[in-house]
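Student:
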């Protein structure tokens, strides 16, 4: 008959792995409902900071608690993308456009109107961040991009949008736009051209 040796450490480990033991420790500051509210608020507006969420949903806890709860749900704080990178299709279109204008004269270029917009904003929240899924998430999804039609929900001191267009080698008009939509641009352009 073969003799089998059992060690106490092996036996104790086997018992602890099989039996479900409750761990003691500090109770959680937030409950499941609060955690879900934090998650849903962050999914609704990914640009809300952890400080904003903490003030709204868990004023008695610290900001790190909010960050930890979002991290447990798979949301991580990242720098938002400004615009998508150029694809190969975009590069081909740009090349074709540039090639078609290669031999234009100065008088032809003087008939072209160029326009651009710039949004100036002051805010005390610091660098803009976004909470999003890292795995399986599109960094360049519309809800995660920073652009003029994506409003910022914290109240800055001021927001000013300036639209400029020009041609014939000089700036034609400089306008302050009250709202950030396409419609005012077309109205300004039409009234200035006529």
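Residue numbers (this note's numbering): -18 to 175.
Quick reminder that beta carbons are idealized off the backbone N, C-alpha and C, glycines included.
Taking its Cβ as the centre, do 16 or more other Cβ atoms sit within 10 Å of residue 28, making it buried, or is it exposed?
Tutor: buried
Student: Going by Cα to Cα distance, which pick from 41, 91, 97 is closest to residue 11?
Tutor: Ranked by how close their Cα comes to the Cα of residue 11, the residues 41, 91, 97 have 41 in first place.
Student: Below 8 Å on the Cβ atoms is my contact criterion, and I expect residue 19 with residue 44 to pass it. Report the Cβ-Cβ distance as a whole number of Å.
Tutor: Going by Cβ atoms, the distance from residue 19 to residue 44 rounds to 12 Å, so no, they are not a contact pair.
Student: Helix, strand or coil for residue 16, going by three-state DSSP, please let me know.
Tutor: helix
Student: Straight-line CA distance for residue 50 to residue 16?
Tutor: Distance between the alpha carbons of residue 50 and residue 16 is about 6 Å.
Student: Residues in its own chain within less than 6 Å of residue 60 by CB, not counting five upstream and five downstream?
Tutor: none
Student: Mapping the DSSP letters down to three states, classify residue 123 as helix, strand or coil.
Tutor: helix
Student: Near residue 111, what residues of its chain come up, given a Cβ to Cβ distance below 7 Å and the 5 sequence neighbours on each side ignored?
Tutor: 27, 28, 59, 61, 125
Student: In this structure, does DSSP put residue 182 in helix, strand or coil?
Tutor: Within the shown structure, residues of the chain are numbered from -18 to 175, placing residue 182 beyond reach of any answer.
Student: Is the separation between the beta-carbon of residue 56 and that of residue 23 shorter than 8 Å?
Tutor: yes
Student: Let me know the secondary structure DSSP gives residue 42 once reduced to three states.
Tutor: coil
Student: Determine the closest residue to residue 116 out of 9, 54, 73, with distance taken between C-alpha atoms.
Tutor: 54
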